[in-house]
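> In my numbering, the protein residues as written are 1328 to 1489. Sending over a structure as structure tokens; questions will come in a sec.
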């Protein structure tokens, strides 16, 4: 199958069967929006040509499976906005080619230091979460062009963020 982009917007209806995704080896973009997903579907991890994954507005509470994304060497954009994610797992640091990360409108309280291993990160959106602190290590992201932290509980920004 030569399909390059698959977009499913289920308007909140639970998407049940995703095994057929494994056969779509040429996919570069995958959108599973409003599919009432509670976990990242394992069938995604075998799609080695994926450059962009959008799991917006689902019911994701954890993204522990993100470790399996390390095999997706072409992945540059990950959209996990409008979910129920409480924390960013330390495995985020394995996504070394990631350029754009959207985690806005979740329940994240802390930015793990492993996020700063994503040296190619250009755009990071953590707006509308429960952050109270922006670590000074954010300044080590030399490629970062845009950092969005609107509508958090940030009371201080560390000195070395520039």
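All C-beta atoms in this analysis are idealised placements derived from N, C-alpha and C, irrespective of residue type, glycine included. Small disclaimer: the values here were computed from a predicted structure and weren't measured.
In the DSSP output, what is residue 1452 paired with across the bridge?
Per DSSP, 1429 and 1475.
> Please state if the CB of residue 1455 and the CB of residue 1432 are separated by a distance shorter than 9 Å.
Taking 9 Å as the Cβ cut-off, residue 1432 and residue 1455 qualify as a contacting pair.
> Of the residues 1346, 1359, 1339 and 1342, which one's Cα is nearest the Cα of residue 1333?
Residue 1359 is the option with its Cα nearest to residue 1333.
> Once the 5 residues before and after residue 1453 are set aside, which same chain residues still bring their CB inside 6 Å of it?
The answer, listed in chain order, is 1430 and 1476.
> Shortest alpha-carbon distance to residue 1404 belongs to which of 1385, 1383, 1428 and 1369?
Nearest of 1385, 1383, 1428 and 1369 to residue 1404, Cα basis: 1428.
> According to DSSP, which residues form a beta bridge with residue 1484?
Answer by DSSP bridge pairing, in chain order: 1461.
> By a C-beta neighbour count over all protein chains shown, 10 Å radius and 16 as the cutoff for buried, is residue 1349 buried or exposed?
The residue in question, residue 1349, is exposed, as its Cβ has fewer than 16 Cβ neighbours within 10 Å.
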